[in-house]
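Residue numbering for the sequence shown follows this note's numbering, starting at 169 and increasing by one per position.
Below is one structure, written out as structure tokens; comments come after it.
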Amino acid sequence: MSERPHDPEARERGKANMKAVYGWDVDHVEGSFVEYTVDHLFGNVWDEGKLTVKERRLVLIGMMVGSGLDDVAGLQLDAAVRLGELDADDLRTLVVFLAHYAGWPKAAKLNTEVEKLIARMSSDDDLP
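Here it is as structure tokens:
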């Protein structure tokens, strides 16, 4: 893959947006895929300002559940709870809503993960 120009401003925006989305710092950016993820996806796409992080996250969760990408959906759900965007009631409402669009089997799997997340976060007193 050819070298692409590095945009330091996009890199810093990307790092800041990744922290806002996931709650952790991105210290080391190496390799084309990670560079595109930080610089373009988080530095530009997540930074355009039309939708909030929570709105984007809800769209992403719906897409991931509908596509069967449970690991990515789980990552987003965990971050949403840790960052105070969704509470237990929100999570359960999301499961019922997605059941009607993504299908009952996918929602049943999501429900299992949501209940585990709620139990884990409640025991840690981290659930808003």
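The beta-carbon is built from N, C-alpha and C at its ideal position, and this holds for glycine as well.
Of the choices the options, whose alpha-carbon is the least far from that of residue i?
i	options	result
residue 281	178, 260 and 269	260
residue 264	208, 254 and 279	279
residue 192	199, 240 and 183	183
residue 111	194, 212, 240 and 245	Lying before the first or after the last residue shown, residue 111 is absent from the chain, which here runs from 169 to 296.
residue 190	229, 243 and 254	243
Can you look up residue i in the DSSP assignment and give me helix, strand or coil?
i	result
residue 243	helix
residue 268	helix
residue 253	coil
residue 189	helix
residue 280	helix
residue 262	helix
residue 205	helix
residue 216	coil
residue 175	coil
Please report the straight-line C-alpha distance between residue i and residue j, rounded to a whole angstrom.
i	j	result
residue 274	residue 237	10 Å
residue 187	residue 215	12 Å
residue 174	residue 196	15 Å
residue 249	residue 283	12 Å
residue 181	residue 208	10 Å
residue 253	residue 199	31 Å
residue 267	residue 276	8 Å
Does residue i have its Cβ less than 8 Å from a Cβ in chain C?
i	result
residue 243	You won't find chain C in this structure, because it holds only one protein chain.
**OP:** Count the C-beta pairs between the stretch 199 to 215 and the stretch 232 to 252 that are closer than 8 Å, then say yes if the count reaches three, no if not.
**Re:** No: fewer than three Cβ pairs fall under 8 Å.
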